Amino acid sequence: MDNQKWRLGFISLAFLFITSSSAAFLIEQVTQGRGAESDSSLGVTRVLRDERPSSKIVTITSFSVIKGREEPYKSSVFEAAGYKWRLVLYVNGNQNDGGKDHISLYVRLEDTESLPKDWEVNVDLKLFVYNGKQSKYLTVTDGLVKRYSDEKKELGYGQLIPQSMFYNTNEGYIEHDTGSFGAEIFIVKPAQKQEKVTFLSKLPNNVFTWKMRHFSTLEDKAYHSDEFLVGDRYWRLGSRPKGDGEGSVPLYLFAQGYMADAVKTNTWGAVNLRLKNQRTSNHKQRYSAAWYPIGRGYGVGVDNIISYSELKDPSNGYLVDDTIIFEAEMVKVSVTNIVPA
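In the working numbering, the protein residues as written are 103 to 443.
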């Protein structure tokens, strides 16, 4: 019983220790090169990267002079993404934003008087702390779009980095009493249009017939039909009616060009490839479906719609009056349009 109480007490103490030091531990994992770590309670991700911030860098020397100060340092105004901003740094943490025992950093939108009424600016915001020991920048973000407005002109992170981590010279964030911070600002403008792919199955004029006459005089080479339009793309059939060298007759569907006003993307084509029996309903049919690339002349189909010997036997009804008849029944194609988002 005493052993059980001792174990429970130990587990409770361990849990309290892990909880109280979770943020520092997460950043420690990053600085030891273990990749990105996320503090799920805050929704914040921290990861080290090589590239400098693209919008603003502020470096403060003699950092010990301002250590412990409550009032923020406000940077000069800088331009990024068509707007004016400044960094706001709390070296002792913003106590009104959960910043106790942390460094807090924000980006403030300036010169908003010229913006229209009820303005909003949506920002993909990343904040940075330089680690000189590793020559990398600790990148802090929560993955959410920051929405600036008249009510919220200053946004960022109250818990950018624990002070115990930042002020520990062994960690590399303070070197020669100097610390460096940064920001990266990208405006998020919602797309006004979207690309919509629609699969059509009830298609007008979806059966194309290709008669190959004078079969006995055809050369041993590939032949192609005229083009036909289904959806917003042209297609054609292709075959080598004297066989593919292995005693079988192939049949393929080829994607060609597009209608003049079509949106040119990959096209889904599903087709029933058919060799008609000219005496009975015993047609040879195979199903084929594929994404056809944008370029012309890509063919998909079957290598053996019929054997060459079966085709040539006049009693089978596939070769009549020196003519064979292929059909393509387009059962589903995709059409792409640009529509409002």
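A virtual CB, placed ideally from N, CA and C, is assigned to each residue, including glycine.
These numbers were taken from a predicted model, which means no experiment stands behind them.
For this session: Locate the beta strand (DSSP E) running through Phe165, then write down its first and last residues.
Result: On the sequence shown, residue 165 is found 63 positions in, with the first residue counted as 1. Careful: Phe165 lies outside any beta strand (DSSP E) and carries neither H nor E.
For this session: With distances taken Cα to Cα, identify the nearest neighbour of Ala443 among Lys291, His278, Phe356 and Gly258.
Result: Along the sequence shown, one-based indexing puts residue 443 at 341. Taking only the C-alpha atoms, the option nearest Ala443 is Lys291.
Problem set entry | For Glu181, the first and last residue of its enclosing beta strand (DSSP E) | For the purposes of this step, residue 181 is identified with residue 79 of the sequence shown, where counting begins at 1. From DSSP, the beta strand (DSSP E) with Glu181 extends over Phe180 to Ala182.
Exercise. What residue does the beta strand (DSSP E) around Gln265 start on, and which one ends it?
Worked result: Along the sequence shown, read from residue 1 onward, the residue named residue 265 stands at position 163. Under the DSSP assignment, Gln265 falls outside any beta strand (DSSP E), being part of the alpha helix (DSSP H) whose first and last residues are Gln265 to Phe268.
Exercise. Is DSSP giving Asn439 helix, strand or coil here?
Worked result: As a position in the sequence shown, residue 439 is number 337, starting the count at 1. In this structure, DSSP gives Asn439 an extended state, which the three-state scheme calls strand.
Exercise. Going along the chain, which residues of its own chain have a beta-carbon closer than 6 angstroms to the beta-carbon of Trp312, five neighbours each way excluded?
Worked result: Counting from 1 along the sequence shown, the entry for residue 312 is found at position 210. Taken in chain order, the residues that qualify are Ser327, Leu339 and Phe428.
For this session: Could you pull out every residue in the same chain whose Cβ sits closer than 8 angstroms to the Cβ of Ser308, ignoring the five residues on either side in sequence?
Result: Within the sequence shown, the letter at position 206 stands for residue 308. Ser is not the amino acid found at residue 308; the sequence shown has Asn there. So the qualifying residues of the chain are Val332, Glu431, Met432 and Val433.
For this session: May I have the straight-line CA-CA distance separating Val193 from Pro264, to the nearest angstrom?
Result: Reading the sequence shown from its first residue, position 91 is the one you call residue 193. Reading the sequence shown from its first residue, position 162 is the one you call residue 264. The alpha-carbon atoms of Val193 and Pro264 are separated by roughly 10 angstroms.
Problem set entry | Nearest to Leu421 (by Cα), restricted to the options Ile440, Ser318 and Leu375 | Stepping through the sequence shown from its first residue, residue 421 is reached at position 319. With distances taken between Cα atoms, Leu421 lies closest to Ser318.
Problem set entry | Rounded separation between Asp424 and Gly401 - CA only | Within the sequence shown, numbered from 1, the residue matching residue 424 stands at position 322. Within the sequence shown, numbered from 1, the residue matching residue 401 stands at position 299. One Cα belongs to Asp424, the other to Gly401, and the distance between them is close to 26 angstroms.
For this session: Could you tell me which of Asn196, Ile426 and Thr243 sits nearest to Arg315, measuring between CA atoms?
Result: Within the sequence shown, numbered from 1, the residue matching residue 315 stands at position 213. Nearest C-alpha to Arg315: Ile426.
Exercise. Which word fits Val341, buried or exposed, when buried means at least 16 other C-beta atoms lie within 10 angstroms of its C-beta?
Worked result: Working through the sequence shown from its first residue, we reach residue 341 at position 239. The residue asked about is misnamed: residue 341 is Ser in this sequence, not Val. Buried is the call here.
Exercise. Which ranges would you report for the alpha helix (DSSP H) in the stretch 207-255 if only whole runs of at least 4 residues count?
Worked result: None, since the stretch 207-255 contains no complete alpha helix (DSSP H) of that length.
For this session: Please state if the CB of Ser390 and the CB of Val365 are separated by a distance shorter than 8 angstroms.
Result: Taking the first residue of the sequence shown as position 1, residue 365 is located at position 263. Taking the first residue of the sequence shown as position 1, residue 390 is located at position 288. No.
For this session: May I have a chain-ordered list of the alpha helix (DSSP H) segments no shorter than 4 residues that lie completely inside the stretch 373-433?
Result: Every alpha helix (DSSP H) stretch that sits fully inside the stretch 373-433 and reaches 4 residues is listed by chain position as 410-414.
For this session: Pick out whichever of Glu412, Arg398, Trp393 and Ile408 has its Cα sitting closest to the Cα of Val437.
Result: Position 335 of the sequence shown, counted from the start, is the residue given in the question as residue 437. Comparing C-alpha distances from Val437 to each of Glu412, Arg398, Trp393 and Ile408 shows the shortest one belongs to Trp393.
Exercise. Anyone know if the C-beta pair for Ile159 and Gly281 falls short of 8 angstroms?
Worked result: Numbered from 1 along the sequence shown, position 57 holds the residue referred to as residue 159. Numbered from 1 along the sequence shown, position 179 holds the residue referred to as residue 281. The answer is no: Cβ separation not under 8 angstroms.
Exercise. Out of Ser303, Leu229 and Tyr269, which has the shortest C-alpha to C-alpha gap to Ser164?
Worked result: Residue 164 sits at position 62 when you count from the first residue of the sequence shown. Taking only the C-alpha atoms, the option nearest Ser164 is Tyr269.
Exercise. Chain D beta carbons: is any one of them nearer than 8 angstroms to that of Tyr175?
Worked result: Any reference to chain D falls outside this structure, which holds one protein chain only.
Problem set entry | Residue from Lys176, Leu375, Val247 and Thr369 whose Cα sits closest to the Cα of Glu222 | Walking along the sequence shown from the start, residue 222 turns up at place 120. Measuring C-alpha to C-alpha distances from Glu222 to each of Lys176, Leu375, Val247 and Thr369 identifies Val247 as the nearest.
Exercise. What's the call for Pro306, buried or exposed, on a 16-neighbour Cβ count within 10 Å?
Worked result: In the sequence shown, residue 306 corresponds to position 204, counting from 1. Under this definition Pro306 is an exposed residue.
Exercise. Which two residues bound the contiguous beta strand (DSSP E) that contains Pro352?
Worked result: Along the sequence shown, one-based indexing puts residue 352 at 250. Looking at the DSSP string, the run of the beta strand (DSSP E) that includes Pro352 is Ser350 to Tyr360.
Problem set entry | Own chain, CB closer than 6 angstroms to Glu130, minus 5 neighbours either side, in chain order | As a first step, residue 130 is located in the sequence shown; it is residue number 28 there, counting from the start. Because Glu130 carries a pLDDT of 45, less than 50, the predicted location of this residue cannot be relied on, and no value is offered for it.
For this session: Can you check the stretch 271-328 for any beta strand (DSSP E) of at least 3 residues that lies completely inside it and give the ranges in chain order?
Result: Listed in chain order, the beta strand (DSSP E) runs fully inside the stretch 271-328 are 281-289, 295-302 and 309-314, counting runs of at least 3 residues.
Problem set entry | Within 8 angstroms, strictly: CB atoms of Gly201 and Tyr239 | Translated into the one-based positions of the sequence shown, residue 201 becomes position 99. Translated into the one-based positions of the sequence shown, residue 239 becomes position 137. Against a cut-off of 8 angstroms, the Cβ pair of Tyr239 and Gly201 comes out as no contact.
Exercise. Less than 7 angstroms between the CB of Gly401 and some heavy atom of the ligand FAD, yes or no?
Worked result: Ligands are entirely absent from the displayed structure, and the ligand FAD is therefore not among its contents.
Exercise. Quick one, which of Asn439, Glu212 and Asp199 has its alpha-carbon nearest Lys255's?
Worked result: As a first step, residue 255 is located in the sequence shown; it is residue number 153 there, counting from the start. Cα-wise, what sits closest to Lys255 is Glu212.
Problem set entry | Cβ-based neighbour list, Gly258, same chain, cut-off 8 angstroms, excluding 5 preceding and 5 following | For this step, residue 258 is matched to residue 156 along the sequence shown. These residues qualify, in order along the chain: Val190, Ser206, Leu207, Tyr208, Val209, Leu227 and Leu229.
For this session: Whole angstroms is fine: what's the gap from Arg381's alpha carbon to Asn418's?
Result: For the purposes of this step, residue 381 is taken as the residue at position 279 of the sequence shown. For the purposes of this step, residue 418 is taken as the residue at position 316 of the sequence shown. If you take the alpha carbons of Arg381 and Asn418, they lie about 8 angstroms apart.
Exercise. Mapping DSSP to helix, strand and coil, what is Asp141?
Worked result: In the sequence shown, counting from the first residue as 1, residue 141 sits at position 39. With a pLDDT of only 43 at Asp141, under 50, the local geometry of the prediction cannot be trusted, and the value read off the model is given with reservation. Three-state DSSP puts Asp141 in a strand.
Exercise. Apart from the five residues just before and just after Ser156, which ones in its own chain have a Cβ nearer than 6 angstroms to its Cβ?
Worked result: Here residue 156 is taken as the residue at index 54 of the sequence shown, counted from 1. Excluding the 5 residues flanking it on each side, Ser156 has same chain C-beta neighbours closer than 6 angstroms at Glu286, in chain order.
Exercise. Can you name the residues that DSSP bridges to Val190?
Worked result: Mapped onto the sequence shown, residue 190 falls at position 88. Beta-bridge pairing links Val190 to Lys176 and Tyr208.
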